[in-house]
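Step one of this worksheet: look at the structure below.
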Amino acid sequence: MAAAISFTISNPSLCSQLSKPVSRFGARRLRIMAAATGTKVVPAVIVGSGRVGRALLDMGNGEDVLVKRGESVPLDFSGPILVCTRNDDLEAVLEATPRSRWNADLVFFQNGMLDPWYESKGLKDANQVLAYFAISKLGEAPVDGITDTNPEGLTAAYGKWASAVAGRLNAAGLSCKVLGKEAFEKQMLEKLIWISAFMLVGARHPGATVGAVEKDYRSEVSSLIAELACAAAAERQLVFEEGIEERLCAYSRAVAHFPTAVKEFKWRNGWFYSLSEKAIAAGKPDPCPLHTAWLKELKVV
């Protein structure tokens, strides 16, 4: 299955690995494409001036407001607030945003398991985006993230402003699906399983890229995918669509050169480990024994 590994595919580091620069004039290209489509791009406040934030700004029509670190979200702007920061900066984003706008207008582009954080802030139905587009460096135009199992593209949006986000991305030539809550939740979990499984297996084999994990350590990652998917499905009481392993491996082939490492534990593998801790504390079997064993092997926990 952005990005970002912006896997923000909001995560800037993943974006840097997904592809080579497609143009030296990325920003200009995006503006030309947006104008050519004739699509009305809804003006937005964009929080974060990294690769994803700058790219979204370049997709606009000049009416957007960019909010950088330490700045406040304007009080008199009525459109969506696109949040393109690191997960650990989200508390600061809330502090810089009028509370009346939190539920209605914040649109989160972050990756990982944020649901507990959303709930702790009263954001139980937050606008969210799973961004699967690649940005090689600041100022370059994004490259759509598509795979051989999902040629229609993987980027998805949910919530009040989902159509506005899709319109902005479509105007720049990028795909974006507008999903309901259940469908979005499943895709979010699949992406979480992908990064948790591939990063952990790769970390067991120093120097292994995502592509190497898919090609050379397929049995390991397949076992871990199955385990994590089963645990996630049981915890959320849902059923994933058939073919989850192949979808995740197809995404890995699309980002084959991305390096592996267990990072942002709180937002990624940490959620699965919390399921293990909860089960063990209740006297039940660990739902993710392989995951737990490998985390301990690497001294992550």
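In case it helps, the UniProt record's numbering puts the sequence shown at residues 1 to 301. Positions of the beta carbon are idealized from the N, C-alpha and C atoms, including for glycine. Bear in mind that the values here come from a model prediction, so they are computed numbers and not experimental data.
Would you call the stretch 112-130 and the stretch 38-49 in contact, with 3 or more CB pairs under 8 Å? Cβ pair count under 8 Å is below three, so no.
Euclidean distance between Cα positions of W271 and V239: To locate residue 271, count along the sequence shown from 1; it is residue 271. To locate residue 239, count along the sequence shown from 1; it is residue 239. Cα-Cα distance, rounded: 18 Å.
Quick check: the Cα distance between A192 and R204, rounded to an integer number of angstroms? On the sequence shown, residue 192 is found 192 positions in, with the first residue counted as 1. On the sequence shown, residue 204 is found 204 positions in, with the first residue counted as 1. Correcting the residue identity first, residue 192 is Leu in this sequence and not Ala. Whole-angstrom Cα-Cα distance: 19 Å.
Beta-carbon gap between E190 and R236 smaller than 8 Å: Translated into the one-based positions of the sequence shown, residue 190 becomes position 190. Translated into the one-based positions of the sequence shown, residue 236 becomes position 236. Their beta carbons are not under 8 Å apart, which means E190 does not touch R236 by this criterion.
Measuring alpha carbon to alpha carbon, tell me which of S223, L106, D105 and V45 ends up nearest W194. Working through the sequence shown from its first residue, we reach residue 194 at position 194. Residue S223 holds the alpha-carbon nearest to the alpha-carbon of W194 among S223, L106, D105 and V45.
Would you kindly report the start and end of the unbroken beta strand (DSSP E) that includes Y158? Counting from 1 along the sequence shown, the entry for residue 158 is found at position 158. In the DSSP annotation of this structure, the continuous segment of the beta strand (DSSP E) that includes Y158 starts and ends at A156 to Y158.
Under a Cβ-count criterion, where at least 16 other Cβ atoms within 10 Å of its own Cβ denotes burial, should C176 be classed as buried or exposed? As a first step, residue 176 is located in the sequence shown; it is residue number 176 there, counting from the start. Its Cβ being crowded by 16 or more others within 10 Å, C176 is buried.
Counting only C-beta atoms, is M113 closer than 8 Å to chain B at any point? Looking at the structure shown, chain B is missing, and only one protein chain is on hand.
Where the alpha helix (DSSP H) containing L130 begins and where it ends: Here residue 130 refers to the residue found at position 130 of the sequence shown. Counting along the chain, L130 falls outside any alpha helix (DSSP H), though it belongs to the beta strand (DSSP E) covering N127 to L130.
Best match in A293, A55, Y118 and P287 for proximity to L138 [C-alpha to C-alpha]: The residue you call residue 138 lines up with position 138 of the sequence shown. Restricting attention to A293, A55, Y118 and P287, the CA atom closest to the CA of L138 is found in A55.
Note the first and the last residue of the continuous beta strand (DSSP E) segment covering F198. Translated into positions along the sequence shown, residue 198 becomes position 198. Unbroken run through F198 is the alpha helix (DSSP H), K181 to A203; no beta strand (DSSP E).
Going straight from the alpha carbon of P80 to that of K266, what length do you get? Along the sequence shown, one-based indexing puts residue 80 at 80. Along the sequence shown, one-based indexing puts residue 266 at 266. In a straight line, the C-alpha of P80 is about 27 Å away from that of K266.
L82: first and last residue of the uninterrupted beta strand (DSSP E) it sits in: Numbered from its first residue, the sequence shown carries residue 82 at position 82. Element bounds for L82: I81 to V83.
What's the gap between the Cα of V165 and the Cα of K284? Taking the first residue of the sequence shown as position 1, residue 165 is located at position 165. Taking the first residue of the sequence shown as position 1, residue 284 is located at position 284. Answer to the nearest angstrom: the Cα atoms are 43 Å apart.
Roughly how far, in whole angstroms, is the beta-carbon of L154 from the beta-carbon of G167, given that I think they are within contact range, below 8 Å? Position 154 of the sequence shown, counted from the first residue, corresponds to residue 154. Position 167 of the sequence shown, counted from the first residue, corresponds to residue 167. Between G167 and L154 the Cβ distance is about 18 Å, and since that is not below 8 Å, they are no contact.
Those residues which DSSP pairs with K263 across a bridge: Counted from its first residue, the sequence shown places residue 263 at position 263. Paired residues: none, contrary to the question.
Per DSSP, what kind of secondary structure is I280 in: helix, strand or coil? Counting from 1 along the sequence shown, the entry for residue 280 is found at position 280. Note: I280 maps to helix in three-state DSSP.
Beta-carbon proximity of L275 to P287, cut-off 8 Å: Position 275 of the sequence shown, counted from the start, is the residue given in the question as residue 275. Position 287 of the sequence shown, counted from the start, is the residue given in the question as residue 287. Against a cut-off of 8 Å, the Cβ pair of P287 and L275 comes out as a contact.
To which residues of the same chain is A231 closer than 7 Å at the C-beta, ignoring the five residues directly before and after it? Stepping through the sequence shown from its first residue, residue 231 is reached at position 231. Non-local C-beta neighbours of A231 in its own chain, meaning closer than 7 Å and more than five positions away in sequence, comprise F272, L275, P287 and C288, ordered along the chain.
Pull the bridge partners of K177 from the DSSP assignment, please. Here residue 177 corresponds to residue number 177 of the sequence shown, with the count starting at 1. Answer is A156, bridged to K177.
Less than 8 Å between the C-beta atoms of residue 304 and L248, yes or no? Absent from the structure is residue 304, since the part of the chain shown begins at 1 and ends at 301.
Exposed unless 16 or more other CB atoms sit within 10 angstroms - verdict on V47: Within the sequence shown, residue 47 is the residue found at index 47, counting from 1. Result: buried.
Suppose contacts are defined by Cβ-Cβ distances below 8 Å. Is A134 in contact with T209 by that definition? Position 134 of the sequence shown holds residue 134. Position 209 of the sequence shown holds residue 209. Contact: no.
Between which two residues does the alpha helix (DSSP H) containing V165 stretch? On the sequence shown, residue 165 is found 165 positions in, with the first residue counted as 1. A162 to A171 is the extent of the alpha helix (DSSP H) around V165.
Contact check, T149 vs A250 under 8 Å by CB: the rounded distance? Walking along the sequence shown from the start, residue 149 turns up at place 149. Walking along the sequence shown from the start, residue 250 turns up at place 250. Indeed, because the Cβ distance is near 4 Å, the residues count as touching under 8 Å.
Tell me the DSSP bridge mates of A134? Numbered from its first residue, the sequence shown carries residue 134 at position 134. Answer is V143, bridged to A134.
Supposed contact pair S78 and L66 - C-beta distance, whole angstroms, cut 8 Å: The residue you call residue 66 lines up with position 66 of the sequence shown. The residue you call residue 78 lines up with position 78 of the sequence shown. Wrong, their Cβ atoms sit about 17 Å apart, outside the cutoff.
Proximal residues to residue 305 (C-beta, below 7 Å), its chain only, five neighbours per side dropped: Outside the shown range of the chain, which is 1 to 301, sits residue 305, and nothing can be said about it.
Through-space distance from M199 to N269, alpha-carbon basis: Within the sequence shown, numbered from 1, the residue matching residue 269 stands at position 269. Within the sequence shown, numbered from 1, the residue matching residue 199 stands at position 199. Approximately 9 Å between the Cα atoms of the pair.
Below 8 Å between beta carbons: does that hold for A171 and M59? For the purposes of this step, residue 171 is taken as the residue at position 171 of the sequence shown. For the purposes of this step, residue 59 is taken as the residue at position 59 of the sequence shown. Against a cut-off of 8 Å, the Cβ pair of M59 and A171 comes out as a contact.
Roughly how many angstroms separate the alpha carbons of G243 and R51, rounded to a whole number? Numbered from 1 along the sequence shown, position 243 holds the residue referred to as residue 243. Numbered from 1 along the sequence shown, position 51 holds the residue referred to as residue 51. G243 and R51 have their C-alpha atoms spaced approximately 32 Å apart.
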